[in-house]
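**Q** The structure follows.
Residue numbers (the numbering used here): 7 to 144.
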C-alpha cells in the first residue's frame, strides 16, 4: 500500500498537461534525474541515472538513450524548430555512441551531459516564446 501512496503523490507533483509550464517542470525534473540525482561520495560530483545505467553494457545505453529522447519529444511538443530538435537528437546520439565504448564510455558519461545541454536549449526556447513559465529563484 505504501508504494501505491508514493505513486499517487508523485503523480500529484508532476503536472500532466501539455502547457509550456507543465512541460518545463517535467523536463527539468527528468534532466535532474538523468544527470544530477546522486552525489558520488568522496568526489562531491553529481551523477544521475544516465551515468549509472550506462554502466550496464548495451541495455543501459539503450535505456539512457530512450530516457534522453523523452526530453526531445517534450521539446517537439513545445514546437521547437526541426534544426534544434536535430541538434538535441545529435546530443543524445553522440552520448549514446561514445557511452557504448567499454570503460572509456563510462568515464565519458560522467563528463558529457547531453540531457543538460538539451534542457538549456529548451529553457532558452521557453524563455523566449513562453516567458510566463520562467521561475525566478531568489
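Glycine is no exception: its CB is placed at the ideal position from the N, C-alpha and C atoms.
So for residue 69, helix, strand or coil by DSSP?
**A** As a working mapping, residue 69 is identified with position 63 in the chain shown. Residue 69: helix per DSSP, three-state reduction.
**Q** With a threshold of 16 other CB atoms inside 10 Å of the CB of residue 72, please say whether the residue is buried or exposed.
**A** Stepping through the chain shown from its first residue, residue 72 is reached at position 66. Exposed, because fewer than 16 other Cβ atoms sit within 10 Å of the Cβ of residue 72.
**Q** Scan the segment 47-116 and note each continuous beta strand (DSSP E) run of 3 residues or more that stays entirely inside, going in chain order.
**A** Whole beta strand (DSSP E) segments, 3+ residues: 51-53.
**Q** Roughly how many angstroms separate the alpha carbons of residue 56 and residue 140, rounded to a whole number?
**A** Along the chain shown, one-based indexing puts residue 56 at 50. Along the chain shown, one-based indexing puts residue 140 at 134. If you take the alpha carbons of residue 56 and residue 140, they lie about 26 Å apart.
**Q** Pull up the distance between the alpha-carbon of residue 135 and that of residue 59, whole angstroms please.
**A** In the chain shown, residue 135 corresponds to position 129, counting from 1. In the chain shown, residue 59 corresponds to position 53, counting from 1. Approximately 34 Å between the Cα atoms of the pair.
**Q** In chain order, what residues of the same chain lie with their CB nearer than 8 Å to the CB of residue 38, ignoring the 5 residues before and after it?
**A** On the chain shown, residue 38 is found 32 positions in, with the first residue counted as 1. So the qualifying residues of the chain are 54.
**Q** Give the DSSP-derived three-state secondary structure of residue 16 in the structure shown.
**A** Within the chain shown, residue 16 is the residue found at index 10, counting from 1. Because the pLDDT of residue 16 is 48, which lies under 50, any placement of that residue in the model is unreliable, and the number read from its coordinates should be weighed accordingly. In this structure, residue 16 counts as helix in the three-state DSSP scheme.
**Q** Does the Cβ-Cβ distance between residue 41 and residue 121 come in under 8 Å?
**A** Residue 41 sits at position 35 when you count from the first residue of the chain shown. Residue 121 sits at position 115 when you count from the first residue of the chain shown. Yes; because the gap between Cβ atoms is below 8 Å, this pair is in contact.
**Q** In the DSSP assignment, find the alpha helix (DSSP H) that holds residue 21 and state where it starts and stops.
**A** Position 15 of the chain shown holds residue 21. Note, residue 21: premise wrong, no alpha helix (DSSP H); not H, not E.
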